[in-house]
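As given, the protein sequences belong to chains B and U, one line each in that order. Under the working numbering, the first residue of the first sequence is numbered 5, with each subsequent residue one higher. Under the working numbering, the first residue of the second sequence is numbered 7, with each subsequent residue one higher. Ideal Cβ placement from N, Cα and C applies to all residues, glycine included. The structure appears right after this line, and notes come after that.
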Amino acid sequence: MAIVIDILLLALCGFLVIYPFFIKSTDETKRTASLKEKLLRDKEAIFKTLSEIEFDYHMGKIAREDYEELKSRYVKEASLVIKAYNELLKDKKQSNLEDKTQVERDIEKEIEEELKRLRNKKRRG
Amino acid sequence: MDNLFLANVGSFALVLGFLISAYAVVAGIIAIRSNNPALSESVKGASIAIALTTTIAIVIMEVFLLSGQFAIQYVAHYTSSDLPLFYRFSALWAGNEGSLLLWAWILSIYSLAISLNNIVPRIKPIALTILNINNLFFLFLLSFISKPFVILNPPPVEGNGLNPLLQNPGMVIHPITVYLGYVGFAVPFAFAMAAVIAKYPGDEWIKVTRRWTVLAWLFLSLGNLTGMEWAYVELGWGGYWAWDPVENASFMPWLTGSAFLHSVMVQERKDMLKVWNIFLISITYVLTLFGTFLTRSGILSSVHAFADQSLGRYFLVFTVLALFGSLYLLIDRLNFLREGKEFESVFSKESSFLLNNLLLVGAAFATFWGTTFPLFSELVTGEKVTVGAPFFNTVNVPIFLAFILLMGICPLIAWRKASVSHILRNFTVPLFLALAVIIYLLVIGIRKPWAVASYFINFFVLFATLYEIFKGVKTRVKLTGENFVKALINLFVKNRRRYGGYIIHIGLVLIAIGITGSSLYDIEKNVTLTTNEKITIKNYTIEFKGLREVRMNNVDAVVADIDVYQDGKYLTRLNPSKNFYPNEPNPTSEVAIKGSLKEDLYVVLAGWENQDTAIFKIKVNPLIAWIWIGGYFLIFGTVFALWPGKGAEMGPRVISGLSLAKEAE
């Protein structure tokens with residue numbers, strides 16, 4: 005009985021180790037997906053930073069001049085990441101908006117609105 | 007019994023797991039060098055196979071333990087027919103072989119989880135190979151050195167039973183949580199080493215392993231807390247922490263792990279402290295191995311070590327290899343790890359985090375030095391000089407107080423740069439409230455300098471944290487127009503990572519308040535009482551009513567009946583006992599405790615002269631309950647911060663959009 009189970013276990017483990025040599029790789033698709041995820045994560049991180057800077061400022065933790073400087077820096081960062089993200093989508097022909105989640109759309113919309121607001125402010129100033 | 011053939015299957019599964027681990031290490035290295043995706047996938051298959059073999063082995067061991075298969079040496083050593091089912095199950099981690107098996111199983115499951123996740127693809131194969139080296143080590147021990155499935159011939163009719171001290175719910179949870187913590191730190195360590203080996207820029211490895219780090223820290227915290235509770239209720243000496251080498255073994259990686267958890271935030275946000283972070287996670291991982299070496303080798307005397315010198319030797323070699331391997335890589339890649347930015351101001355969150363790190367590492371070093379001093383003294387003078395609790399307390403108490411103080415200051419300071427006027431404004435309210443508490447404490451007679459210092463710092467931190475939350479709610483009300491309750495809920499829910507951290511801080515403050523009260527204001531009396539004799543301790547009157555013999559499950563017990571009066575009014579009856587377990591030469595003490603938020607009345611039946619005369623150790627331990635309550639806060643806060651979903655994301659950071667754009671090309 006023990007020998008039968010041992011052989012079955014050996015066969016199963018052998019299969020698990022060997023079968024990848026007989027299937028096709030999907031490496032490129034994975035790389036694109038992972039880079040897309042990374043850019044999305046970074047976009048979200050910048051957006052979160054902006055909201056945190058805003059919050060810290062209103063809590064009295066950051067001086068006004070630091071607040072302004074940090075905010076404009078992160079908005080610039082956001083535009084670069086969004087650009088990189090859009091380039092990636094364009095390159096990989098994945099630019100259809102249906103692929104995006106609601107959260108992704110919200111983040112983009114809010115950062116773009118923030119960019120627009122700052123541009124208008126600059127023009128007025 | 008007819009399930010004995012499973013022993014063969016268990017042994018075979020472990021050897022097979024060892025061979026597959028060896029394959030996974032070699033194939034992993036080749037796959038990394040040749041960039042062969044099929045070979046990488048094969049390593050992933052090997053991870054599944056390793057997890058499968060260790061799962062089969064652990065299930066077989068549990069079958070043996072639960073069915074009382076005494077033909078298996080391990081089962082005969084650690085269980086008996088009259089042992090409750092619950093403790094038969096937990097006997098898996100009562101001995102060396104079983105706990106190593108548990109360790110190997112957890113490690114293999116963690117490795118499997120990593121291999122199945124598509125995280126940081128560029129360095130994951132290296133991290134997986136490092137984890138597989140760990141798998142290889144543990145499966146080598148289980149296959150050739152510390153075999154769990156040894157068959158006794160002829161089989162004994164009865165087992166030795168489980169050590170009575172381990173027959174406690176705290177001791178069921180304690181080891182498994184410590185192992186989960188120890189093994190958990192292997193994951194961020196593997197990724198850190200992988201990032202260094204591959205010269206992988208950025209801090210993505212920190213983000214993807216953050217959950218593993220926090221989870222490992224949570225389990226290690228739980229392990230330490232349950233260990234403290236077990237020592238308090240089971241060992242009967244009246245305390246919960248004795249700076250025993252094995253206690254220190256799990257405390258040291260907790261300290262450095264706590265430092266790492268904070269310093270990675272600086273790297274995440276500021277691209278700083280890269281070398282320091284690699285050093286911290288390496289040292290944390292090495293300390294988990296060192297802790298295991300201390301526990302296994304029996305090199306230092308402890309109340310709960312498994313002494314097996316040969317096993318200890320293997321752990322020592324592995325620990326030294328891990329230490330020097332990681333240090334070599336760190337030094338070799340110093341250039342690559344050079345800092346992205348510098349500290350912009352002394353008054354900034356990042357500089358306060360660095361200070362907090364130095365204190366935690368300082369405490370870890372002091373604990374390490376005190377723990378290993380007997381070894382060094384023996385090496386130099388030939389005499390083993392033991393370092394006691396006074397050394398650890400003298401060195402560590404000021405460090406911990408400074409650390410707690412920083413815990414209150416850090417959240418009030420902004421990243422990058424904070425103005426002194428802002429800091430002072432934020433400190434005024436908590437400072438005033440803490441002073442008010444101190445005046446009250448002085449009035450009621452709490453005047454020992456260390457107690458006053460500790461309570462002042464702890465209450466300042468408590469009020470500073472609560473004030474920070476209050477200000478957050480106020481700001482949210484102003485910005486969103488939400489009502490106070492909704493703003494409070496949303497403040498926590500939408501940034502669980504930050505506010506979960508604050509809950510943990512509150513928990514640590516409560517623990518520190520409990521430790522201060524119980525260690526500086528405890529009262530102890532050792533008395534011999536005859537039947538109906540009374541004794542007074544603080545405002546309690548203890549009346550000894552007599553001894554009786556009781557038979558419970560697998561235990562014969564001598565129980566004392568004690569009536570307790572508080573301020574002259576009857577409070578409760580306590581029943582401390584001495585328990586006699588079969589196959590155990592010495593009885594164990596079962597402590598009787600009447601606890602409240604204010605203090606614990608702690609009674610131990612130390613012995614008896616005859617039926618009417620018994621010896622007791624009676625203690626009043628103030629504020630002990632706050633240690634456990636603080637522990638619950640700490641656990642809740644960690645789970646709150648860790649729970650997946652919105653609000654638990656990584657912290658914001660400085661991002662180089664240009665480098666990302668370049669990568670996208």
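- Contacts between LYS65/B and chain U, judged by CB atoms closer than 8 Å, involve LEU418, ILE419, ALA420, ALA424, HIS428 and ASN432 in chain order.
- Between ALA440/U and PHE465/U, the CB-CB gap stays under 8 Å.
- Annotated three-state conformation of SER17/U is helix, per DSSP.
- With fewer than 16 other Cβ atoms from the protein chains shown falling within 10 Å of its own Cβ, ILE529/U counts as exposed.
- The way I'd put it, the segment 329 to 345 of chain U doesn't touch the segment 232 to 239 of chain U; fewer than three beta-carbon pairs between them come closer than 8 Å.
- For a Cβ distance threshold of 8 Å, residue set LEU16, CYS17, LEU20 and VAL21 of chain B lies close to ALA55/U, ordered along the chain.
- Under the three-state reduction of DSSP output, GLU48/B falls in the helix class.
- Secondary structure note for THR619/U: its beta strand (DSSP E) is the uninterrupted segment 619 to 628.
- Contact annotation: PHE92/U and LEU72/U have beta-carbon atoms that are not nearer than 8 Å.
- Distance from LEU108/U to ILE182/U at the Cβ level is roughly 7 Å; contact confirmed, criterion being Cβ atoms closer than 8 Å.
- For ILE512/U, the enclosing alpha helix (DSSP H) has its first and last residue at 502 to 526.
- Inclusion of SER602/U and ALA518/U in the CB contact set at 8 Å is not warranted, their separation being larger than that value.
- Between the segment 532 to 545 of chain U and the segment 558 to 565 of chain U there are fewer than three C-beta pairs closer than 8 Å, too few to call the two in contact.
- With a threshold of 16 other beta carbon atoms within 10 Å, ASN9/U falls short and is exposed.
- Exposure of PHE150/U is indicated by the presence of fewer than 16 other C-beta atoms within 10 angstroms of its C-beta.
- Residue ILE548/U holds the alpha-carbon nearest to the alpha-carbon of LYS531/U among ILE548/U, GLY523/U, LEU516/U and ILE521/U.
- Annotation for THR594/U: no alpha helix (DSSP H) segment contains it, though the beta strand (DSSP E) segment containing it runs 594 to 596.
- The beta carbon of LEU172/U is closer than 7 Å to those of ALA100 in its chain, skipping five residues each way along the sequence.
- With respect to LYS130/U, SER17/U sits apart: the two C-beta atoms are not nearer than 8 Å.
- Under the Cβ criterion of 8 Å, LEU13/B is counted among the residues facing chain U.
- The continuous stretches of beta strand (DSSP E) do not include GLU539/U, and DSSP gives it neither H nor E.
- Interface annotation, ILE26/U: in contact with chain B, CB-CB separation under 8 Å.
- Taking 8 Å as the upper bound for CB-CB distance, VAL15/U and ILE62/U are in contact here, some 7 Å apart.
- Per DSSP, ARG339/U lies in no alpha helix (DSSP H) segment and is marked neither H nor E.
- Residue burial is scored here from C-beta neighbours: ARG431/U has fewer than 16 other C-beta atoms within 10 angstroms and is therefore classed as exposed.
- If you draw a straight line from the Cα of ARG217/U to the Cα of ASN283/U, it is about 16 Å long.
- Residues of chain B with a Cβ closer than 7 Å to the Cβ of THR481/U are, in chain order, PHE59, HIS62 and MET63.
- With contact defined as three or more Cβ pairs closer than 8 Å, the segment 209 to 229 of chain U and the segment 137 to 149 of chain U are not in contact.
- Looking at the backbone, the Cα of SER358/U and that of ARG504/U are separated by about 16 Å.
- The beta-bridge partner set that DSSP reports for ILE599/U consists of TYR608/U.
- Taken through DSSP and simplified to helix, strand or coil, GLY637/U comes out as helix.
- The C-beta of ASN489/U has fewer than 16 other C-beta atoms within 10 Å across all chains shown, which makes the residue exposed.
- No Cβ-Cβ contact shorter than 8 Å links VAL202/U with LEU293/U.
- Residue pairing by DSSP places SER583/U opposite VAL565/U and GLU596/U in a beta bridge.
- Distance from the Cα of HIS268/U is smallest, within the candidate group VAL367/U, ASN254/U and ILE179/U, for VAL367/U.
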